[in-house]
Structure formats: structure tokens, C-alpha cells
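Chemist: Before I ask anything, here is the structure I am working with.
There are 2 protein chains.
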Amino acid sequence: MNIQQLIKENQLGLLFQQGSFGLEKESQRVYADGSVVTTEHPKAFGNRSYHPYIQTDFAESQLELITPPNTKLEDTYRWLSAIHEVVQRTLPENEYIFPLSMPAGLPTEDKIKVAQLDNPEDVAYREYLVRAYGKNKQMVSGIHYNFQLSPELVQRLFSLQNEYKSAVDFQNDLYLKMAKNFLRYQWILLYLLSATPTVESVYFKDGSPLKAGQFVRSLRSSQYGYVNDPEIKVSFDSVEKYVETLEHWVANGKLIAEKEFYSNVRLRGAKKARELLQNGIKYLEFRLFDLNPFEIYGISLNDAKFIHAFALLMIWIEQTATQEDLELGKARLAEVAFEHPLDKTEYAVEGELVLLELLSMLEQIGAEAELVEIVKDKLSQFADPSKTIGGRLVQAIEQAGSYQQLGAQLAQQYKAKAFERFYALSAFDNMELSTQALLFDLIKKGIHTEILDENDQFLCLKHGDHIEYVKNGNMTSHDSYISPLIMENKVVTKKVLHKAGFNVPQSVEFTSLEKAVASYALFENRAVVIKPKSTNYGLGITIFQQGVQNRDDFAKAVEIAFREDKEVMVEDYLVGTEYRFFVLGDETLAVLLRVPANVIGDGVHTVAELVTMKNNHPLRGDGSRTPLKKIALGEIEQLQLKEQGLTVDSVPAKDQLVQLRANSNISTGGDSIDMTDEMHESYKQLAVGITKAMGAAVCGVDLIIPDLKKPAEPNLASWGVIEANFNPMMMMHIFPYAGKSRRLTQNVIKMLFPELI
Amino acid sequence: MNIQQLIKENQLGLLFQQGSFGLEKESQRVYADGSVVTTEHPKAFGNRSYHPYIQTDFAESQLELITPPNTKLEDTYRWLSAIHEVVQRTLPENEYIFPLSMPAGLPTEDKIKVAQLDNPEDVAYREYLVRAYGKNKQMVSGIHYNFQLSPELVQRLFSLQNEYKSAVDFQNDLYLKMAKNFLRYQWILLYLLSATPTVESVYFKDGSPLKAGQFVRSLRSSQYGYVNDPEIKVSFDSVEKYVETLEHWVANGKLIAEKEFYSNVRLRGAKKARELLQNGIKYLEFRLFDLNPFEIYGISLNDAKFIHAFALLMIWIEQTATQEDLELGKARLAEVAFEHPLDKTEYAVEGELVLLELLSMLEQIGAEAELVEIVKDKLSQFADPSKTIGGRLVQAIEQAGSYQQLGAQLAQQYKAKAFERFYALSAFDNMELSTQALLFDLIKKGIHTEILDENDQFLCLKHGDHIEYVKNGNMTSHDSYISPLIMENKVVTKKVLHKAGFNVPQSVEFTSLEKAVASYALFENRAVVIKPKSTNYGLGITIFQQGVQNRDDFAKAVEIAFREDKEVMVEDYLVGTEYRFFVLGDETLAVLLRVPANVIGDGVHTVAELVTMKNNHPLRGDGSRTPLKKIALGEIEQLQLKEQGLTVDSVPAKDQLVQLRANSNISTGGDSIDMTDEMHESYKQLAVGITKAMGAAVCGVDLIIPDLKKPAEPNLASWGVIEANFNPMMMMHIFPYAGKSRRLTQNVIKMLFPELI
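Taken in sequence, the protein lines are chains F and D.
Take the first sequence: its letter number 46 is residue 37 in our numbering, and every next letter is one higher.
Take the second sequence: its letter number 36 is residue 27 in our numbering, and every next letter is one higher.
So this is what it looks like as C-alpha cells:
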């Protein structure tokens, strides 16, 4: 069976490049000086018994970040980025993620705590490892790369050949070929990507094998790394032999469990090797890779693409490595691992030949030009070892003074970077900020999340068998279909709230001056606003804040309104300040005051300068990629200034409030001020009641309140509800301009998954 | 206290005319000959223990139709119309509503059954009445008119006077004034509106008091009507005296209960008179009115407006009738009742004076010109008794031969009228037909319904404390917020259904010919349709029904598609017929086949003639006010004919199917054919499963099925789902062009109110 030929003849090049990708990245939590922490795995990262994204590896200090599988490597990389940002922003202030595979500043062995997992077997296994290998060796970190070929490709290839009768056998041999050839040629990836040139001497029980100042390509992949006894040999000739030999070593006690077999390729698709016989190999896990300290997430997207291409080459080439070839490959790996990173490798010729074959494959399968460039760049590194990651690393270590210092510097730099736009998830910045905030909390809490439609902000959440869908951050199954429909219709909303006994401003519409005046009695002594039905620029509006006292005044106001429209409304006028109540279930979670765009004078700067200074606030930007919007200085703002006798060049007095807008929208530069703790409890309960009357689970209720400290009374003078909004905005509460942040997205998760307290 | 003056001085004219109105209309169910039925109250009218709209009065044969109160008389009248249409269309085929107050063709007393109500006390009370008055007198029907002044008016008037300290006392005296003056002047209404000139002789136990051929104005309001013993006198001087005197007659056994006091005005607002002392009178019930046989609903809207104005006059006039005036009023009523309907009344001068005062009032309160005209017309009837209802009636009876014959004719005519647009509720025809159908079923079932917003098809339903909202006929609280959002997004819908294991056609999009052809392997042997992403007039589409067999054919098809668009889709092609499954909860309630607009030749008529003939179908019309749409003969239809070698003037052969459209939409003249019973059960279950996967309670699922008789298999060749629709159309199932009607609105009600089985 010649795979290459089948692909070429049937033009399966594109399908050949499809697949599924997942990354698992270990790394130590460290202090600012790069030394490994002795603290517990942060509770904020939720429960390790099910967390799909944030786990611990061997030690309590050793994070393991796991992406979900994706059919596009780019998406896998986005997840890696997002999980990193969640971790970086959630870590205690004095903790960092160490960017190098080799640990630095190792605590004494008694202070290294194995991961405190719920399952006692998992803990017992780690304790066995301590006895067998010592704790220090277990503290080394790396990246595991999971790769599955497109099932459609495998099926198609199977149908095109006639050597195999069983589809499972065919698939197994395909993956075994990839595994064996990978083990044969893995040294090439090590040469190009390895980044463990040194380690502190306490790492070694019996003293360092490295001479002073000696650097190697990969301590982690050398005999001093985390490897099995050389005696342990497992056959990759067939799945049967693999199972047989692996079970042999477990049976005779040389391995305590199958998972103690640390091959750089693992056959995946079953919990126990024996199950592979039935299920077949589903995908491979490549475990060779050191963390790349020059990359914020430990691996570059380009290198991930290169590894994919390299893995494909392993089934593209004609030959299949024999068991002897495998031993050769392992030996060559050990040799190259101990070469100096700035030396040319002994096997450069083989490396170059293999990459030339890779280039030839890429051409034949119609790969993107970008990928070809990546491979060409790697090819050139055989001639110039200083361009390899290892080569660059030893130069950087020498510059920094030590690998611990280099690691500490980079760790701080990467953490700072993760805080640059602390309100966003960089990799998912095409989605709304509220969905990014929700995604952040979902990743942190460990709820399996699939993005169904990025443009539509549509997520599918899963915990065990429990599935929930979320759109736009808080539209869920918990609201009934009818509630947003009620809220969408202002007439119906008013009727429903009025019936339920809430204070709703009433309005009456008139089509003639005569009829309106004839109805004067309805409004006498009542605070009302008289306005044309379609208001334009506030023309024709009269407000009787103290109640209409006089028929003539009323008639005059109606007459003014009729100049602007054929229909005039007389509406109850509510005196007070508008507050937004964010209600979820039985609780008002946040109360917000929105203040129209403004600056406060300092007696020195002009209005324009004050605006620029205020706009420098980290939360302000275009308002879609930032929680708050920069204040503009357009026509409307200048008109507003003019009304106050000011221009953009005026210098307002110290503490003078300068209004730049009449409306309080955040989207026109308004300030958001959290008032949750200041608001009297009675209004919060009213907002909950209003939400219930709407049949809603999540609701933004706008109340007008003259005095937020006084308890609510049952009349419009005390408070009134002017709007109930479904899918209410969350960002203004999560990142207010002033006052306490209210992390509402966490409450959305609690509502959807009450079982996860 | 001078009410008139207060209203004038404070210009309360408009407020004075506001109020709340309710009608209760009794009538006998009769056979085609006008004789009273002996059948039970139809079960289809639901449960009389709570029915708000359809009740029985004294006898099992005596319907009582009750409108909800409305602030506009027009709306009350619409409800009266709607309730009538529901009753007319639900009655057994051989039963009718008798349009006259006096019963005809009375069964012998042993065959008259008192209403079989659940409450034994109600039945016992009726049996007492039989003993006291005999059954026949109880069989007389009338209209009760409930009227409440605007509470705002009463409050305003109270605040403007200083005679009363208590608002309740003030309100009571206001209504008592209206009641007393009404009792004083009620004869005027009797003169104008009465319509019980005669009755068959069996009605009287002791022989008819009428001479042969004698007609009177109102037997019903005469001593031969359904009135108390003249000895029973109840004081209207004050609420206290009213309670005292009424309780006196009950205590001494002359009345078995307070409700046996048959005053033409009842004080309402309490179950027991004594409670009025605390609650106050809330509204009045006027019980004087005979059924107007010339009106389909027993009363004209104009007469209802006239009665309103008359009731207002009763508080407008300065004097308040004394107890002696009341006795005078009652005596005068009895006298006028026994006058001949074509004779001038004895008291014409008083009647004219009162109506002149009414006209003066209308002018002073700024009433509509239309109302003034109505009153002027009534005024003229004092000079010409033949224009009164009674006058017209005796002429009509003489023409018909007997009042029974006249009643039978009109009853049949009114029933036929109610069937003219049997799919609509005439009075609510501004709403969608599906909401009309739902409203029909709600009225029939007896669920209290309020129309919150007619334009928005928004209803509020109530049974006991259980409230539900419905929009557009089937959007309810039973669907979750997220399901329509899922269904709105076709990408998400596909993902969700695909994950849940349903057969969903998959599609892949390409931006280059090269890439598409490189992916050929994905589509080999698969039935696919290749099309430009934005399809225009079907250009560039190639279908491989039998699967793509050949790379070149595939490449050619892709190339053709790329001529039309920059993006090309390759989509699974589903062979078969599209059916719409209407699912509610756990059940597929209806399956519909939509057939493109067509006619079938008869070898005689032209296409144009065949279309006209088909368009005469009663369900066809403009498609918004009718369930089906008339077939047009526009450009598209003519193009379609041309493709078949036909024009509108061609005469198709007998049984030749002539297609007039390619698309199967009902809105372009398509036929709807119910296939519920024909469809294999397995597909119905699939549709239920798809609905559940969407998290929906109500869903319209479109499946493509090649053979509806074969059980479903788990592959796209057997069936595929192409769409899931929220708020699916109901009318096409309720009124299909062919096949069985599926009354889905009843299922919506069952879903919302499962307690009502």
C-alpha cells in the first residue's frame, strides 16, 4: 500500500491536510524571581476532577493547560491563548507562569507537593513516581501535541486500497506508520525546537553531568530527562504486539501502569492499550516538545503548523521504520540532545534530506505558500544552528545571566502582556466583550464550551450530560420565549406591569387640542410631560414637575406640542434619577448610574485637553472593543458646550462640571458608576418583582428614583419603572468607570449550572 | 350638590362620557321552526362552573352570552359579535338562536329542563323559581346592560364638592341617583326599544290576557312578564335603606334570595347587598331591554350608545327621583308596556322633553355628532311609533304570519351569516387569522382573554390564578428564549441537529475551483447539489441525484457555478417531497403537503377560466384575510405556462395538470393538503425528536421524504431535515385545501392550560 500514490492519484491533497488538533501545555507556577511556588493550585481554577482546560500535572505547582480539539490549528491556538489569559489574570498577584521547560529555583524535595487530586489512585501513582524517579525530574514541563487525521481521509484511503479487509486494521497501521517514522526522525524536531540546554544543579541527585557552562540541545529528551529505563522496549510493529509488550512490562512490575511508558508518541483512543484492539487508534499524541520561551504560549503557531506537516510526512514517505530503525531513532535523539545548541548537528545531512522531502510533499499536496516558507526556514537552520530555538536560547541565557533570570524576566513580561486589555480575550476579540467575559469565566470554571457561531455570539456549554446554549452573553433557556416579546412591546409591558401593581407612568394620546383641554381634569395636580408623539430635538415639550395647576398653562403646553405633531401625548412625569438594575433570578446583582459625558475642570486645562485626558482611561476606546467609549467633540458636544457658555478652548474653573452630552448613554461617552451598595434594598426587590412579572430570568430594569436612600413607597412620586430590557448589557457593570465591578457572567454560569456551586 | 354644574364648570365633559360597559344577552336555542329545543347545553361550550362568556340562564335551553367589560362600547360590541359567532358555529346543525325575547314553540312544562349547573344551590334556586312563577315565565330572554362611570370622574367630582366627607357615600349616592331617575324614566326606553308584543297562548297558565290579534309594547315588562309580586317594595333612598328593605323581604320569605328581586336596575359591586355598605356601589345593571330581533346580536351599537347617554342624563338632571317618583315610574312603565306598539304613547310629551334635555346635555358635554343624531332619531319616534322597534316588529310579524315564523326566519338568516367567513372572527378581523382561530377556541373553552395589543397579536389568558401570554397564536412561555434563537440561525440549527444525530444535509463552501476540485474525494458517490452561494433564478445549479460518479463532471459543475458567484456551495442533495410537520410537545399534530399553484384541465375551459373557477373556492382570497390565496396570472405564472407550451387561453386536456408556479408556497396560490394520517409514524416521531433537540414546545419541521409509507432509516437517502421553524403557521393545517382539518389552536390551549383537560 502506497499512501503517497493513493493521495496523488486521487487528488486527496486537501483532505490529507485536514485533521483535528489539540495541545496540552505544562508549566510551573513561579514567583517573580522565577523560583517554583510552594502554594496550592489556585481554588479560582475550579474543580480538577472535571476541569477540561486547567489541570495540574505531576506537582501542585505544575499547571497543565489543555485546549479542546479543533479542525483548524488556528482555532486550537486561539484556545491556547484564551486559556493562558484566563490563568495569567487569575493567578495570585505574586505568581507567574515559567516559560521554560526546565524548572528553576526548585524547592527542597520535601516542599514539592504532588498534585492534590480528588482521585486517590491519581495521587498514589504520583507518589510511586516520586519513589521511582525522584521529585525533581517530574517537575520538567513540555507540550503535548495531539493530532488526528481527517476520518473522511482514512475512510477514503481505505476504500481506495485492497490490501486490508478491516477498516480498523487499516487505520491502526496508518497511525502506526506515522508513529514509527516519527520515532525514527524525531531528532529533527528536537534539533529545531528543543529548548532545555541547562538546568540548575540541585535538579540532579548525584551532581550535574554538565560541565560548568556546558549547554546541550535538550536535557529533557536526554537520559537525564524524564525517560524510562532503557531496558523497557515496546514494539510498534502492530497494535497486538504493542499491547502484548506493554502489558508485559506492567505485569513484571517494571512499569507500575501503562501510562508510565513515556514514549514520545502515544497511541490514543482507549483508556487501556488492550481496548485499542477493538476501537482502533483514534489519534496520536506527540510528547517531544520543550516549551519555547520566546513564545508567550510556549509554542508558535508556525511551529505547530510545521509539526503537523512533519507528522503528515511520516505517512507520506514510502518506507516504514522497523523496530531496529526505532532504536536507531532513539539513539540519534539521545545523541543530538547532548550536542551543543550552537554546534552543527552530526546528522544535518539526514535532516536536510527529510525536510527536502517534506517540501516535495507540500508541493504535491498543494499546500499553502506560507507553510512552504516555514519549512524552508527550518531547512536553513541546519546550516545555521544559532537560528534554532536552542541556539537562540543559549545566547539569551548568557545575556540574562542565568536561565532562571531569563525565565523570570519573560514570565513577568508575558503576565503584563496578558493584562494589556484585561477586559477582553484577545483570541476571541471578534466577539462581543460580554461573550468574551462569559467565555473567560467558563474557561476558568471548567465548563466545556463550543463556539457554535462567532458572529452570532452563540455558545454551547456542557457539563457532563447537561447542555445549555447561550447567545449574546445572557440569552438562555432560562428565559421563556414570551418574556422578550412582552418587553419588546412597550404598550404590553406597561399593561403587564400596571396590572401587577407596579408604578408605571401612564400616558394619554390626543388628536385635537379641544379634546386634550376637555380632559384637563385628568391631569390636574399631576406631574406630567406634554409632548408631540414623535419628538424631534426636544421641540414642543413642556414639563410640569410640580403638577399642572392651571387649565390655561395646560392648554398652552398642548398647543405648543400640537405645533410639532398631529398627535400629542400627556404622560406622567417622573422626578428623579434613572438607575439600571441588573436582575438575575431572585436577585438584583448590580445597580448602575449612567452619567452623561462630562469632564471636570481643574482651572488649568481646556475642555479639549480635559477630554483627551479623560479619554486616556484604559476602559475607554471605540466602545465596541472597550467597555467605555471615548468622549467625542462633535457637533452635539459643541452645542452642549455652547449652552453652558463654553467652547472646546475654554478653561473651566477647578471642580466645574462641564456637560458634553444631555443623554446618559455609555455609547456616547457617558460614565458608568456602580451604585449597588448605595441603593436602598426596597428598590432592588421591586426590580426583582418587575422581572418576575415579565416572566424573565435575566432583565435590565430602568427605574426613576428621586432618593435612593429612602425606602420605596407605592406611588409614582417615590419611584417609577420606565423600561424593562431583555438581554441587558453586562460590560458596564463588570467594568464600570467608577465603583465596584460586578462579575455578572459568573452569575449567568451559576444560573445555568446550579450543580456546580 | 349639582353634578351638572360641577361637570360644566370644570369642563369634565369628556371624562363624564368615559366608563366601562358590559352586556349579558339571554336567548333560547331553537329548532329550525323556532320552537325551543329540549336538548342539553352543548358540551362543546365547556364548563359552566367557570365559563366567563357562555352560560345558561334559567333553562338548559337558554343561552346567556356575556361580554367582558370594556372602556369602549365598540369593543364590548365586538366581543358580543365574537361570542355569537363562536356559539352559532358550534351549535348542532339543527339548532339556532331565537332572536326574540318571548319564547315560541314552548315544550310542555315537564320537558323544560332547568339549567344543569354544577352547584346544587344554583339548581335548587331554579327549582324554587319554577314553583313560584312556573317554568314558562322563566323562559323569557332579555339583555342586561352593565355600566360603570369612569372611577376617575367619580374621584374628581368628589374632590370638587364639599357636601360629602366619605368618597364611598358620594359614589353610592351618585349611582343611586342614576338608579332612581332611571326607574322613574325607564318607560321611555321601553317605548323606544321594547320588542315583546305578543306570545303564544300556552305561555299563560290561565289563558292569554291578550285578545286575538292584540299587540302590546312589552309583555316582558308588563305584569305578565317576569316580575316580582307588586307587594315587594325596596327603597332606593340610600344604600342602608336598600339593604334593610331587601333583607326584610328575604327574612320574611317573600323572596327566597336577594337575587329574586327583579328590579330593572340592580346595584352591583357585592355578592350580598349588605357588602355594598362597605364596598360601595361599583356599577349598575340595567335589565329592562328586550331582544331586538332586527339585530343579529339582539341590540344595535347605536341603541347601546343611546342607553349610555340616557344613563348619563339620569345623573345630569338636577332632580333626584323620590320613592314616590319610583312608584310613578313603575306604574307608567306598566301602562306603556300595555299600549299598542303602533299607537302614540300616552306620555309622549314627557318622553320628548326628556330627550330634548338629553340633547342639551350632549351639547354641553361636547358629545360626538353621531350620538346627537342617534338621539334625534329616537326623539322623532314619539311622533311616529311605527319607527320604534316594537312598531316595526308588529308589522314584521304580520308579514311573516306569526312571531314564531318571523323568529325562525331571522334565526336561520343570522346563523347563515355567521358562517359566511367561517374561518374568521368578524369583529377581530384586523388580527391574524391564526389569532382569530385561537380567540375562537378560547371563547368556546371559556378562558378569560384580554387583547393586550391587537396589532401585535398579543393576548393575555387567564383561568383562575393561572396567567399565560400568547403572541401570534403560538408563541408562549412554553418555548424557551433560546430555541427561536437557535432556529433563527441556520448554521447553529444544523450543528445542533447534526450533533443530536438527525439527518441534516451538509454543505461545504469553496472560494476557488482548484480547491473544490481538490476536495472531490469528499463528494464521490454522494448525491449533491452544486450551486453559487447566492442563487439567482436557479442559474449555475447542477444536481447529481444519483451521486457524483466522475471527477470531470464534478469539476464542470463547479466551474459552471463559479460563473455566477465568487463562492460555491456543494450541498447534500435530498431526493423526495417536502412535508411540513407541525409538532406541539410530544406529538406531531399535523403533516401537510404544499403543492405549487395549479389547475387541472377538463378539456373544455381555458387556463384562465380554470383559474377563475379554482379561485372561487371559499378559502381563497387575498391570503391575509383568507386561509388560502387566489392564484394570480402574472408574469411568473405566464412564464411557467410558456414552459409547458401553454398560454392563459389554452384549453388543457381532461385531467392534464397545469403548473402555474414552481414554488409551493401557499402565499402564491399553492394548495395545502393534509397528509397526517398518510404519513408513516416514524417520521412523526423524528419531527418530535427534532423539536426536542431545538428545545422547542411548538415547531414546524420541514422534512424531505421520498416515500412517506416506508419507515424512516438513519440516512439521508431515507429522509433529511431542511428547516425547523418557530411560530409555525397554523391556518394551513386548520383550513387545508384538501384533507382533514387539524384544529391546532385547541392544542395550544391544552398545552397552556393542562388543568382544563
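Where is the CB? At the ideal position from N, CA and C, for every residue including glycine.
Cβ closer than 7 Å: which chain D residues qualify as neighbours of Leu6/F?
Modeler: Result: Ser510, Ala512, Leu513.
Chemist: Using beta carbons (cut-off 9 Å, strictly below), is Leu735/F in contact with chain D?
Modeler: Not flagged as an interface residue toward chain D: Leu735/F, since no C-beta distance is shorter than 9 Å.
Chemist: Determine the DSSP secondary structure at Gln146/F, reduced to helix, strand or coil.
Modeler: Gln146/F falls in the helix class under three-state DSSP.
Chemist: Alpha carbon to alpha carbon, what distance is there between Ile681/F and Glu222/D?
Modeler: 56 Å
Chemist: Does any residue of chain D have a CB that is nearer than 9 Å to the CB of Lys462/F?
Modeler: yes
Chemist: Rounded to whole angstroms, what is the Cα-Cα separation between Tyr217/D and Thr313/D?
Modeler: 25 Å
Chemist: Between Cys451/D and chain F, is the shortest Cβ-Cβ distance under 9 Å, so that the two count as touching?
Modeler: yes
Chemist: Mapping DSSP to helix, strand and coil, what is Leu619/D?
Modeler: DSSP places Leu619/D in the strand class (E or B) of the three-state scheme.
Chemist: Check for me: the beta strand (DSSP E) holding Pro609/F runs from which residue to which?
Modeler: No beta strand (DSSP E) holds Pro609/F; DSSP gives it neither H nor E.
Chemist: Against chain D, with Cβ distances strictly below 9 Å, would Met742/F count as a contact?
Modeler: no
Chemist: Val78/D to Ala415/D, Cα distance in whole Å?
Modeler: 13 Å
Chemist: Can you look up Pro111/D in the DSSP assignment and give me helix, strand or coil?
Modeler: DSSP places Pro111/D in helix when its eight states are reduced to three.
Chemist: Mark Lys700/D as exposed unless 16 or more other C-beta atoms lie within 10 angstroms of its C-beta, in which case mark it buried.
Modeler: Exposed, because fewer than 16 other Cβ atoms sit within 10 Å of the Cβ of Lys700/D.
Chemist: Does Val692/D have its Cβ less than 9 Å from a Cβ in chain F?
Modeler: no
Chemist: Tell me whether Asp432/F, by its Cβ, gets closer than 8 Å to a heavy atom of the ligand NAD.
Modeler: Only the bare structure without any ligand can be found here, which leaves the ligand NAD out of the picture.
Chemist: Contact between the stretch 363 to 377 of chain F and the stretch 242 to 258 of chain F is defined here as three or more beta-carbon pairs at a separation below 8 Å; is this criterion met?
Modeler: no
Chemist: What residue range does the beta strand (DSSP E) around Arg265/D cover?
Modeler: Premise fails: Arg265/D is in no beta strand (DSSP E) and is neither H nor E.
Chemist: Relative to chain F, which residues along the stretch 459 to 490 of chain D have a C-beta separation below 9 Å, given in chain order?
Modeler: Glu459, Tyr460, Val461, Lys462, Asn463, Met466, Thr467, Ser468, His469, Asp470, Ser471, Tyr472, Ile473, Ser474, Pro475, Leu476, Ile477, Glu479, Asn480, Val482, Val483, Lys486, Val487, Lys490
Chemist: Taking only beta-carbon atoms, is Leu707/D less than 9 Å away from chain F?
Modeler: False, the Cβ-Cβ gap to chain F never drops below 9 Å.
Chemist: So if I threshold CB-CB distances at 7 Å, which residues from the stretch 128 to 152 of chain F count as touching chain D?
Modeler: Glu143, Arg147
Chemist: Does Leu610/D come within less than 9 Å of chain F when only Cβ atoms are used?
Modeler: Output row for Leu610/D: interface = no.
Chemist: Using CA coordinates, which residue listed in Ala599/D, Gly612/D, Ser209/D, Leu630/D is at the minimum distance from Ser641/D?
Modeler: Ala599/D
Chemist: Could you give the DSSP three-state label for Pro523/D: helix, strand or coil?
Modeler: strand
Chemist: Does any residue of chain D have a CB that is nearer than 9 Å to the CB of Leu443/F?
Modeler: yes
Chemist: Looking only at its own chain, which residues have a Cβ that is under 6 Å from the Cβ of Asp316/F, when we skip the five neighbours before and after it?
Modeler: Arg175
Chemist: How about Asn85/F: is its C-beta nearer than 9 Å to some C-beta of chain D?
Modeler: no
Chemist: If you drop the 5 nearest sequence neighbours on each side, which residues of the same chain put their C-beta closer than 7 Å to that of Ser132/F?
Modeler: Glu17, Ser18, Gln19, Gln53, Ser92, Leu282
Chemist: Quick one: which unbroken beta strand (DSSP E) runs of 3-plus residues sit fully inside the stretch 391 to 456 of chain D? Chain order, please.
Modeler: Correct list: 439 to 444, 449 to 454.
Chemist: For a contact defined as C-beta to C-beta under 7 Å, what are the partners of Gly357/F on chain D?
Modeler: Chain D residues near Gly357/F: Ala509.
Chemist: Which ranges would you report for the alpha helix (DSSP H) in the stretch 43 to 103 of chain F if only whole runs of at least 4 residues count?
Modeler: If we require 4 residues or more, the alpha helix (DSSP H) runs fully inside the stretch 43 to 103 of chain F come out as 64 to 81.
Chemist: For a contact meaning CB atoms closer than 8 Å, what does Leu64/F contact in chain D?
Modeler: Neighbours of Leu64/F on chain D: none; closest Cβ ~18 Å, over 8 Å.
Chemist: For the stretch 670 to 689 of chain D, which residues have a beta carbon sitting closer than 7 Å to at least one beta carbon of chain F?
Modeler: Gly686
Chemist: Which residues in the same chain as Lys185/D place their Cβ atom closer than 6 Å to its Cβ, once the five residues preceding and following it in sequence are excluded?
Modeler: The sequence as given places Ser at residue 185/D; Lys does not occur at that position. Once the five neighbours on either side are set aside, the close Cβ partners of Ser185/D are Arg208, Ser209, Asp281, Gly381.
Chemist: Relative to the alpha-carbon of Asp668/D, which residue among Gly614/D, Val639/D, Lys731/D has its alpha-carbon at the smallest distance?
Modeler: Lys731/D
Chemist: Does the pairing of the stretch 92 to 107 of chain D with the stretch 118 to 129 of chain D give three or more beta-carbon distances under 8 Å?
Modeler: yes
Chemist: Any beta carbon from chain F within less than 9 Å of Leu619/D's own beta carbon?
Modeler: no
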